[in-house]
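Remember, this note's numbering sits 632 above the position in the sequence shown when you count from 1.
For glycine and all other residues, C-beta sits at the position ideal for the given N, C-alpha and C.
Just so you know, these numbers come straight off a predicted model, no measurement behind them.
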Amino acid sequence: MMREGDMMERSEVPMLVVYEGELSGQRWLIEGDSLLIGRGSDCDVILPERQVSRHHACIERTAGGSYVLYDLGSKNGT
């Protein structure tokens with residue numbers, strides 16, 4: 633589970649941080665234009681939690697350089 637404002641730490645490369653669940657403490661650098669999150673083996677970030685959809689969410693970089701988190705129709709929300 634992520635908390636609001638935790639996606640970006642004080643560094644030049646944004647980072648996704650997990651705070652709850654099986655992968656608590658795990659971190660992923662967000663280096664590309666998008667990052668697919670879910671249970672599926674084709675995801676960039678694989679979260680093996682039962683409540684996570686196969687393709688749960690996506691983080692995308694905007695033209696201005698900020699990032700937006702999109703829910704991909706997950707059953708449990710993002």
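Nearest neighbour of T710, chosen from C675, E663, L655, I691 [CA to CA]: I691
Residue interval of the beta strand (DSSP E) (run including S666): Its beta strand (DSSP E) spans residues 666-670.
Anticipated Cβ contact below 8 Å, W660 with V684, distance rounded: Going by Cβ atoms, the distance from W660 to V684 rounds to 14 Å, so no, they are not a contact pair.
From L655, V649, L668, M647, residue whose alpha carbon lies closest to that of H688: L668
Sequence-distant residues of its chain with Cβ nearer than 8 Å to P680 (five each side left out): E654, L655, R671
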